[in-house]
Amino acid sequence: MLLRIKQQMLDILQILSVTRLLPDAVRTSCGQRLGRVFGTKHSHILQVPFSTEKGIVKKWISRFDVWPYLETYTECTAHALQKTKYHFSCQITADLIAIRHESHRLYHH
């Protein structure tokens with residue numbers, strides 16, 4: 042992947058994947074906030090939990106039941122990405138996630 046990025050003349054130092062955090066995950070790295078992508082030098086995974094007005098959702102949720110959580114998830118992800126330690130323009134990424142969420146609302150209701 043790094044070779045393809047360089048061939049496209051992009052100057053990217055880090056790749057950050059965002060996924061959901063599972064606080065109650067046992068014997069896995071799904072409960073860690075930030076982790077490395079196995080076998081890479083420049084890639085990390087930022088895990089952000091789903092949340093509701095009652096707090097963080099600690100259990101695993103089927104992919105068929107995640108839609109109600111996506112609005113607050115995109116807000117939490119945008120907040121996590123805006124931290125200065127990531128040093129990149131994250132608003133575009135957060136906007137794309139939010140647009141994807143809104144597109145689903147527009148076309149599936």
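Going by this note's numbering, the sequence shown opens with residue 42, and the numbers climb by one from there. Cβ coordinates follow ideal geometry from the N, Cα and C atoms, glycine included. In this text the structure is predicted, and so the values were computed from the model without any measurement.
If we count the other Cβ atoms within 10 Å of its Cβ and call it buried at 16 or more, is residue i buried or exposed?
i	result
residue 51	exposed
residue 67	exposed
residue 88	buried
residue 62	buried
residue 149	For residue 149, the pLDDT reaches just 41, beneath the cut-off of 50, and the residue's location in the model is therefore unreliable, leaving the point undetermined.
Would you say residue i and residue j are within 8 Å of each other, going by their C-beta atoms?
i	j	result
residue 56	residue 83	yes
Check the DSSP bridge columns for residue i and list the partner residues they point to.
i	result
residue 58	86
residue 76	86
Spatial neighbours of residue i within its chain, please: CB distance less than 6 Å, with the 5 preceding and 5 following residues excluded, ordered by chain position.
i	result
residue 70	76
So, at 7 Å on beta carbons, what are the nonlocal neighbours of residue i in its own chain, with the 5 sequence-adjacent residues on each side left out?
i	result
residue 64	72, 90, 97 and 99
- Query: Do the stretch 101–111 and the stretch 74–86 meet, that is, are 3 or more Cβ pairs less than 8 Å apart?
  - Reply: The stretch 101–111 vs the stretch 74–86: no contact.
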